[in-house]
Structures are given as C-alpha cells and as structure tokens.
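I have placed the structure first, in the form of structure tokens, so that the comments after it can refer back to it.
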Amino acid sequence: MTGVPLIAADGATVTLGDTTLLAPTTFEVMPGEFWCVTGGNGSGKTTLLRAFLGSRSLTAGSCSVRGEPANLAKPSHRRLLASLVEPIPVARDMTLREQVTLVAASWYGNTPETGERAHWVIERLGLSSLAERFPHQVSSGQFQLFHLALTLVRPADVVLLDEPERHLDGDRVELVATLLTERAKEGTAFLVATHEPALVEACDGRVELG
C-alpha cells in the first residue's frame, strides 16, 4: 500500500519511573482502515490513544497523525481528529438532539448539512426515539451511544475510540461495528481500543499490546 498513513506509531514508548505504561509499539493505519488495539488491562491501550491525542507525552519513539506529531494546540490537528477517549462534557438542560446538532453546527456552520448530519447519526445509532430526552433521562448504554453520536457527527480523518462497546448489549455492539466499518469505507481511519470480539472481527488490522 502506498501513500502517507493517517495514523502511525514508530517505537512509541511510555514509561513512568521503572513502570512501563506502553511498551515500544510500531504500526501504521492508512485512510479507510479500521484497526483495533487489544490487550489486557494495564497493557497501554488508553495510553496509546492519548499519545495520538497529544495528551500523553512519549518517553521514546513517535506518534503522528497524517505525518505530523500529535499537538492539540494546533487547530489543524484538532480538525483532523475526533475522539471518545476522555468523557465528553454534556449539558444537563439540553436534549440529545440539541447537543448533537450543536456539535455538528460548530463544524459545518449554519448550513443544511448540519441538521442532516445530526439527524443521520441520531437515527443510525438508534437514538431517534430518545432524541428529545435529556442526558440524565437515558440508560448507561443509551448514554454511551449519545457520546458516540457526539463524536461521529463531526468531520474527521481520524477517529480514536476507547472501548466504544462499554455498557452496550450485543445488538448495539454489532450496530457500532457496522457503522465504523461503513465510515471507514468513506476514507476515515479508526483506531479503537477494545475487548469486544465483534469489533476485532470487523476490523482491518490489529495492534496487540502486552
């Protein structure tokens, strides 16, 4: 495969004193590929995702997005990359639909595409019947789908997800796997830390840590 990878790690390592948080890791994810990061608890999955976000400094090696070092201070980096690694702040007094639409509007502006994108992701994640509810009125699984909607509604060349299957039943996990596969076919590169076999089965490549 030719071209510049959207996601690349070259000997990426994180240590804290005598503790290794992320052993040296090397891989590349090209546009349109959906990769999973697997391994036991404490193997460094979340640490690796944070390194690509730019919120975790490496001890050695590198992590890059479209050939550039991760740097949250750069607007171009933030535009390239969407993530559900840390909890997303939500408003208690705004409905699910209002908040997904607000995120879409922050990227697409006041255009017809804003409403279309918000409607599409809400419907695709099975949240249409809950769209007028407030965050505190939904279950933990529905709240997780809401977080995924907030992440996927915006444009991004790279999407990082940390255990997107959290709190979801089997049918919803399959739905998320299908949605990520479809989005990848449009050219987005996914890096997903997961313990879920259905996601691993659907992915194009795998990074095994630990």
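Numbering (our numbering), first residue to last: 1 to 210.
Heads up, the beta-carbon is just placed ideally off N, CA and C, and yes, glycines get one too.
Would you kindly work out how many angstroms separate the C-alpha atoms of residue i and residue j, rounded to a whole number?
i: Leu96; j: Asp18; result: 44 Å
i: Gly146; j: Arg79; result: For clarity, residue 146 is Phe in the given sequence; the question names Gly instead. Approximately 21 Å between the Cα atoms of the pair.
i: Met1; j: Phe134; result: Bear in mind that the predicted position of Met1 carries a pLDDT of just 46, short of 50, making it unreliable; the figure below should be weighed with that in mind. Those two C-alpha atoms are separated by around 45 Å.
i: Asp204; j: Ala70; result: 23 Å
i: Leu180; j: Ala82; result: 13 Å
i: Ala118; j: Leu130; result: 14 Å
i: Glu113; j: Ser106; result: 12 Å
i: Ala9; j: Thr26; result: 5 Å
i: Leu22; j: Glu186; result: 31 Å
i: Leu6; j: Thr188; result: 9 Å
i: Gly11; j: Asp93; result: 45 Å
i: Leu191; j: Gln137; result: 30 Å
i: Gln144; j: Pro31; result: 26 Å
i: Leu199; j: Leu84; result: 16 Å
i: Arg166; j: Ser43; result: 18 Å
i: Val4; j: Thr111; result: 32 Å
Pick helix, strand or coil for residue i, following the three-state DSSP scheme.
i: Ser57; result: coil
i: Thr178; result: helix
i: Phe52; result: helix
i: Leu130; result: helix
i: Ser76; result: helix
i: Ser62; result: strand
i: Asp169; result: coil
i: Pro155; result: coil
i: Pro89; result: coil
i: Pro31; result: coil
i: Gly115; result: helix
i: Ser140; result: helix
i: Glu196; result: coil
i: Glu201; result: helix
i: Val4; result: coil
At what residues does the alpha helix (DSSP H) containing residue i begin and finish?
i: Ser83; result: From DSSP, Ser83 is part of no alpha helix (DSSP H) but of the beta strand (DSSP E) over 81-84.
i: Val100; result: 96-108
Could you give the residue range of the beta strand (DSSP E) that holds residue i?
i: Ile7; result: 7-16
i: Arg206; result: 205-208
i: Thr38; result: 34-38
i: Leu191; result: 189-193
Tell me, please, which residues DSSP counts as bridged to residue i.
i: Thr19; result: Leu16
i: Thr25; result: Ala12
i: Leu160; result: Ser83, Leu191
i: Pro69; result: Ser64
Next on the checklist: Closer than 8 Å is the cut-off here; do at least three beta carbon pairs connect the region 147-154 with the region 113-127?
Outcome noted: Yes, the region 147-154 touches the region 113-127.
Item to check | Segment contact flag, the region 198-209 with the region 32-45, C-beta cutoff 8 Å, min 3 pairs | outcome: Touching, yes.
Checklist entry - Should the region 168-179 be called in touch with the region 42-61, which here means at least 3 C-beta pairs below 8 Å? => result Segments in contact, no.
Checklist entry - Between the region 98-107 and the region 57-76, do at least 3 Cβ pairs fall closer than 8 Å? => result Three or more beta-carbon pairs separated by less than 8 Å are not found between the region 98-107 and the region 57-76, which leaves the two stretches without contact.
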